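Top to bottom, those sequences are chains A and B.
Numbering follows the numbering used here, in which position 235 of the first sequence is assigned residue number 260; successive positions increment by one, without gaps.
Numbering follows the numbering used here, in which position 60 of the second sequence is assigned residue number 190; successive positions increment by one, without gaps.
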Amino acid sequence: MVKVKQSISGVLLIVVTVLVLLPILLVIVNSFRTNHSLAVSPIGLPTSLDLSNFGYVITHMNFFRGVGISTLITASSVALILLIGSAASWAIARTTRRWASGVYRLFIAGLTIPVFVMATPLYLEALQLGLLNNLVAVILVYTAFNMPFAVFFYTSFLRSVPQELEEAAAIDGCGPLRTYWHIILPMLRPSSAAMAVFIAISIWNDVTVPLLLLDSQDVQPLTLSIYSFVGTEGGIQQSQLFPAVLLATLPLFILFLVFQRYIVAGISAGVGK
Amino acid sequence: MRLTTRAAILFMLPAFVLYATFIVFPTLRGIGLSFTDAQGVVGGNFVGLDNYVRLFGDPAVLSALLNTLVFAVIVTVGQNVLALALAYWLQSLPRLQAIARAGILLPSMMAFIAVGFVWNFIYSPIDGPLDSVMNAVGLRGLEHIWLGDPTTALTAVAVTNIWMYMGYSATIYLAGYFAIPENIMEAAKIDGATGWARFRTVDWPLLAPALTINVTLTTIGSLRVFDPILVMTGGGPGNATQSLSYLVYTNTTQFQFGYATAIAVVLLVLTVIVAITQTTIFRRREIEW
């Protein structure tokens with residue numbers, strides 16, 4: 026009896042999961058359909074595999090340039106966040122003075138500040154300093170935006186691990202820099218992996234910072250490419266919408282399938298083991 | 131290892147400089163700007179509380195404030211109830227856990243900017259997919275211009291938002307389940323607690339840390355809602371889906387810097403008050419074991 030109930034429950038869960046995925050399946054199926062068949066019925070299977078829309082989207086959305094820019098921004102920001110964030114967190118976790126916990130609290134306060142509080146001043150600054158459309162500025166902004174999370178994440182981990190290894194290194198004559206590089210960074214690797222994937226997704230999907238700081242066509246990341254392709258060109262046809270959405274989300278689908286374990290670990294962090 | 135003060139400061143310096151330059155300074159400058167009449171790079175004279183007086187009499191701001199709060203409530207309640215139910219379901223089926231979690235988590239990996247367009251299509255009036263499905267199951271007559279009607283637009287956007295992130299919240303609740311020591315679940319089983327009785331007396335109190343994190347995350351996230359409005363409605367119809375963030379954005383792009391930052395400060399104050407209240411209330415019901 027219990028077995029039967031479990032099986033029914035399992036089947037239902039799969040049904041619900043498929044229902045949740047339905048909009049995504051709709052995108053995949055519809056991206057192979059023609060305008061004509063979409064007009065006849067919004068839901069349905071393609072009669073023949075029509076790939077022409079993909080070609081159109083790849084050239085008109087400037088897909089590969091978008092991917093390149095998004096990758097550059099995301100990878101550089103994540104690398105900087107991991108390096109700078111872990112260095113600061115180690116210093117915070119190993120300094121017992123009052124001022125260090127003050128610094129910690131200042132970083133943590135950043136977790137609640139909505140990005141829009143800084144939006145206007147950041148735009149104004151970029152305007153005055155001539156940093157609009159500057160990718161380095163965008164990378165530094167992302168690094169700063171994610172610093173509260175990185176400090177929170179690393180510090181809570183570092184506070185929970187024993188310091189013997191570091192002390193042994195110090196006795197062997199390792200300076201702080203070598204200890205950091207050879208002991209701390211490797212020790213943080215699992216935390217870094219979870220955080221890297223997690224932050225990468227949020228930066229890759231972000232539209233606010235590019236919208237504020239990147240208005241030139243030449244430096245548009247993928248999110249802005251699709252926004253201007255679908256949103257502002259207005260007259261694009263439905264048969265082109267779906268390939269555009271599919272292409273824009275494909276890189277993250279792959280990332281998700283490969284790094285799912287780290288993504289789940291990143292999301293679950295803080296709930297405890 | 132004991133770091134000397136000098137070494138500690140050097141290690142903190144890069145992070146601190148970036149943080150101060152791109153978070154602390156802009157935030158303070160934003161608060162400062164909100165007391166001026168800055169428009170573009172011109173102006174910037176101190177006008178005291180003028181912007182704040184003006185915004186509390188501005189119907190666009192007032193409806194944005196109300197919409198933001200309503201949106202936050204719908205999303206926070208809806209997403210957490212569904213996520214909790216999903217997590218409960220998942221923990222009861224260990225063999226399907228991983229695959230089902232991957233499925234419901236997938237939407238949250240996508241950019242809202244892309245997904246929003248798909249939902250615009252799903253909601254589209256005159257034989258859009260949603261209306262077609264409703265007709266097919268006999269709900270003809272309930273079809274609707276979902277995003278074009280002021281009474282349903284905000285809820286329609288909220289539903290999309292919940293669809294995207296409920297898997298994310300469910301993952302956190304599931305991690306909460308994994309954190310419950312096995313002997314407690316065993317004891318509950320021996321005592322004959324199953325289903326709702328166990329959920330109420332065992333799961334619910336022990337999931338308190340996950341609940342705190344989820345409720346705080348969803349509230350803070352939905353109070354700053356921007357992407358969904360940008361892609362799906364542009365604040366319309368009328369002011370029906372205008373949010374505070376979106377208003378800050380439109381005012382910024384129209385070079386109304388003083389006014390935009392004043393609205394942003396209202397959003398900041400709102401977020402901080404809600405975050406502190408929630409954390410205090412929810413932390414209190416977390417218990418040690």
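The C-beta atom is built at its ideal place from N, Cα and C for all residues, glycine as well.
Being a predicted model, the structure only gives us computed values, none of them experimental.
Where the alpha helix (DSSP H) through residue i begins and ends
i	result
S101 of chain A	88 to 118
Y379 of chain B	374 to 383
W206 of chain A	From DSSP, W206 of chain A is part of no alpha helix (DSSP H); its letter is neither H nor E.
Y303 of chain B	283 to 309
D261 of chain B	259 to 266
W276 of chain B	That residue, W276 of chain B, is in no alpha helix (DSSP H); it is neither H nor E in DSSP.
V43 of chain A	27 to 55
V248 of chain B	242 to 252
V222 of chain A	214 to 230
M172 of chain A	160 to 185
R286 of chain A	263 to 293
T248 of chain A	247 to 251
L8 of chain A	This structure cannot speak to residue 8 of chain A, because chain A is shown only from 26 to 298.
I229 of chain B	227 to 235
I320 of chain B	312 to 320
G325 of chain B	325 to 328
Three-way DSSP call (helix, strand, coil) for residue i in this model
i	result
K298 of chain A	Confidence at K298 of chain A is low in this model, with a pLDDT of 44, below 50, so its placement is unreliable and no value can be given for it.
T166 of chain B	strand
F356 of chain B	coil
T134 of chain B	coil
F305 of chain A	This structure gives no information on residue 305 of chain A, because the portion of chain A shown stretches from 26 to 298.
G388 of chain B	helix
I138 of chain A	coil
L196 of chain B	helix
P235 of chain A	helix
T371 of chain B	coil
L337 of chain B	coil
E416 of chain B	coil
R159 of chain B	helix
G366 of chain B	coil
F186 of chain B	coil
Chain B contact for residue i (CB, 9 Å cutoff)
i	result
P268 of chain A	no
Q153 of chain A	yes
Q262 of chain A	no
L131 of chain A	yes
K298 of chain A	Residue placement at K298 of chain A is flagged as unreliable, the pLDDT there being 44, under the threshold of 50; the coordinate-derived value follows with that caveat. Yes, its Cβ sits closer than 9 Å to a Cβ of chain B.
F178 of chain A	no
V128 of chain A	yes
L236 of chain A	yes
A169 of chain A	yes
N230 of chain A	yes
Residue-chain proximity (residue i, chain A), Cβ-Cβ < 9 Å
i	result
F412 of chain B	no
F152 of chain B	yes
N291 of chain B	no
G322 of chain B	no
T401 of chain B	yes
V248 of chain B	yes
I204 of chain B	no
S375 of chain B	yes
A232 of chain B	yes
N381 of chain B	yes
F186 of chain B	no
Beta-ladder partner(s) of residue i, from DSSP
i	result
P176 of chain B	Sequence check: residue 176 of chain B is Phe here, not Pro. BP columns for F176 of chain B point to B:T166.
CB-CB length for residue i against residue j, believed under 8 Å
i	j	result
T409 of chain B	T346 of chain B	6 Å
A370 of chain B	L284 of chain B	6 Å
V404 of chain B	T349 of chain B	6 Å
Y149 of chain B	M172 of chain A	5 Å
M362 of chain B	N210 of chain B	That belief does not hold up - the Cβ atoms of M362 of chain B and N210 of chain B are roughly 22 Å apart, past 8 Å.
M296 of chain B	L220 of chain B	In fact, because the Cβ distance is near 12 Å, the residues do not count as touching under 8 Å.
G233 of chain B	P146 of chain A	At roughly 41 Å, the Cβ-Cβ gap does not stay under 8 Å, so G233 of chain B and P146 of chain A are not in contact.
L133 of chain B	P201 of chain A	6 Å
F165 of chain B	F155 of chain B	Contact doesn't hold; Cβ gap of about 17 Å is too wide.
S216 of chain A	F178 of chain A	6 Å
S34 of chain A	L223 of chain B	6 Å
G110 of chain A	A145 of chain B	6 Å
Q372 of chain B	Q169 of chain B	Rounded, the Cβ-Cβ distance is 21 Å, inconsistent with contact.
Chain-ordered neighbours of residue i on chain E, where CB pairs are closer than 8 Å
i	result
S34 of chain A	Of the protein chains in the structure, A and B, none is chain E.
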